[in-house]
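See structure below.
In the numbering used here, the protein residues as written are 408 to 735.
So, in structure tokens, the structure goes:
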């Protein structure tokens, strides 16, 4: 039988890239997406339009709907589930903590139960660097303490990690938890900083800079994250029942906010206009991935540096309807 992978959040930024990479390996991909109105449905449909019909199926369903997830898993009978669907974003989670908990925790449980009852044993969970909180210890390593999250989003991701570990212990699932560090590149959600700043700078409009510009993020190009995700899939495929492991997927090169804005301006070809604003609740001072474990165990080595990634994203935006359309 042709191997099948279920990818949740398949029409989103990272999910569509992962789906494409899985299809290139052969087999089938069954995608799940609820087309949350956070951004234009047409952008998500464009993400999956190039994926091969027949080997890729997209189902509109909500992971909060336990019945829908159970039915989908029973029909798909996947060998592997890659769970990327989530409510993302630190600041919005402070305004809507209930929704974030419902999607990121209850939705995860529905997915785990549906796959388990359908006989699937391998599970990849997309977590986040936000679980490290505002840690003083850098770079962030997988065995660091992670008990000081500073946003509901971060707390739901940490809760998700613990749930995955529980399902591995109790039911023998083989689980890989991937802590993504600020992913960017072609197809990035339009509300995220890099794409948003590119549009603002291209139009000569002010770019919001929270704090003094010294806060930093470990920006990671989407192709590198996809390569790490596939490597994790391979590791858990060869693992024993009950296996669980956490890996960082970052770039190990933090970039300060002010420097990020300056470098985007260089790529776009205009001098940024800065709108200085106070730091926001839930923001952390920095993220920085220690890649020692993922390098050794996954063979993970980022190939695309920040400036090259910016050039690729800007080229994609110029070639698509993503630049520089007015913000919604």
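Glycine residues also receive a C-beta, built at the ideal position from the N, C-alpha and C atoms.
{"Asked": "For the candidate residues 683, 592 and 668, whose alpha-carbon lies nearest to that of residue 627?", "Found": "592"}
{"Asked": "Just how far apart, CA to CA, sit residue 432 and residue 683?", "Found": "46 Å"}
{"Asked": "Please report how far the alpha carbon of residue 585 lies from the alpha carbon of residue 491, in whole angstroms.", "Found": "10 Å"}
{"Asked": "Identify, in the order they occur along the chain, each residue of the same chain with its Cβ nearer than 7 Å to the Cβ of residue 411, setting aside the five sequence neighbours on each side.", "Found": "434, 435, 437, 483, 484, 485 and 486"}
{"Asked": "Would you be able to state if there are at least three C-beta pairs under 8 Å between the region 611–624 and the region 704–716?", "Found": "no"}
{"Asked": "Going by C-alpha distance, which of 461, 679, 465 and 511 is nearest residue 604?", "Found": "679"}
{"Asked": "I need the straight-line Cα distance from residue 579 to residue 521, nearest angstrom please.", "Found": "15 Å"}
{"Asked": "Should residue 424 be labelled buried (16 or more other beta-carbon atoms within 10 Å of its own) or exposed?", "Found": "buried"}
{"Asked": "Can you give me the start and stop residues for the beta strand (DSSP E) that residue 684 sits inside?", "Found": "680–684"}
{"Asked": "Secondary structure at residue 411, three-state DSSP: helix, strand or coil?", "Found": "strand"}
{"Asked": "State the start and end residues of the unbroken alpha helix (DSSP H) segment that holds residue 574.", "Found": "559–578"}
{"Asked": "Going by DSSP in three states, residue 507 sits in which element: helix, strand or coil?", "Found": "helix"}
{"Asked": "Cutting at 6 Å between CB atoms, please list the residues of its own chain near residue 454, excluding the five before and the five after it.", "Found": "418, 423 and 594"}
{"Asked": "With a threshold of 7 Å on Cβ separation, who are the neighbours of residue 639 within its own chain once the five nearest residues in sequence on each side are excluded?", "Found": "531, 583, 585, 654 and 705"}
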